[in-house]
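In what follows, a structure is listed as structure tokens, so that the remarks can point back to it.
Encoded structure:
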């Protein structure tokens, strides 16, 4: 995993990627990973990405208290971790420890950069919009990371 420009990293993970991990932290510093299908690029300059999280989710509460998230495009070797992070709650389980994923602290908010991932984007929440039972969090990408050797995990791979 090397630090790279946003444009290089996003071009490597564009369609048909349909699944991501968002990495957040609660007010006590506990890390949580959540599997998401609802995400999108929202701006090129400045680079921004959006994620949508249900109001009942632990990650929603985390983002209300700590206004940063990392958006991780998982590699095919991460399918078990993606499944675990999409079926268990971080209220009850330390998902980062349970997955056994290798990581290092990011530059922006010290959130994990997952080494097994195809790409990671460190984001600060720029704005949020309530959308029914979900909230869309728009994050400005501050740092981008890419591993060109990793093949992106697609929804059908799970």
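Residue numbers (the numbering used here): 383 to 540. In this text, a Cβ means the ideal position worked out from N, Cα and C, and glycines have one as well.
Own chain, CB closer than 6 Å to residue i, minus 5 neighbours either side, in chain order
i: residue 532; result: 457, 500
i: residue 428; result: 522
i: residue 420; result: 434
i: residue 406; result: 414, 441, 444, 445, 451
i: residue 486; result: 495
i: residue 410; result: none
i: residue 432; result: 422, 424, 518, 520
Close beta carbons around residue i, own chain, < 8 Å, minus the five adjacent residues each side
i: residue 386; result: 526, 527, 528
i: residue 462; result: 481
i: residue 388; result: 429, 503, 523, 526
i: residue 384; result: 527, 528, 529
Proximity of residue i and residue j at Cβ, strictly below 9 Å
i: residue 585; j: residue 476; result: Because the chain in this structure spans residues 383 to 540, residue 585 falls outside the shown range and cannot be described.
i: residue 414; j: residue 472; result: yes
i: residue 452; j: residue 418; result: no
i: residue 524; j: residue 505; result: yes
i: residue 391; j: residue 454; result: no
i: residue 464; j: residue 540; result: yes
i: residue 576; j: residue 517; result: The structure shown has nothing for residue 576, since the chain only spans 383 to 540.
i: residue 422; j: residue 522; result: no
i: residue 416; j: residue 468; result: yes
i: residue 466; j: residue 479; result: no
i: residue 484; j: residue 496; result: yes
i: residue 536; j: residue 443; result: no
Cutoff 7 Å; reference residue i; Cβ partners in own chain excluding five residues on either side
i: residue 509; result: 520
i: residue 490; result: 450, 504, 506, 524, 525
i: residue 459; result: 498
i: residue 541; result: Here the chain covers residues 383 to 540 and nothing more, so residue 541 does not appear.
i: residue 395; result: 455, 500, 501, 534
CB contact below 9 Å: residue i versus chain C
i: residue 458; result: The structure shown contains no chain C; it is built from a single protein chain.
Strand pairing of residue i, partner residues [DSSP]
i: residue 528; result: 384, 501
i: residue 535; result: For residue 535, which the question treats as bridged, DSSP gives no partner whatsoever.
i: residue 516; result: 436, 513
i: residue 424; result: None, per the DSSP bridge assignment.
i: residue 414; result: 406
i: residue 395; result: None, per the DSSP bridge assignment.
At what residue ranges does the segment 444–508 contain a whole run of the beta strand (DSSP E), taking only runs of 3 or more?
450–455, 485–487, 494–496
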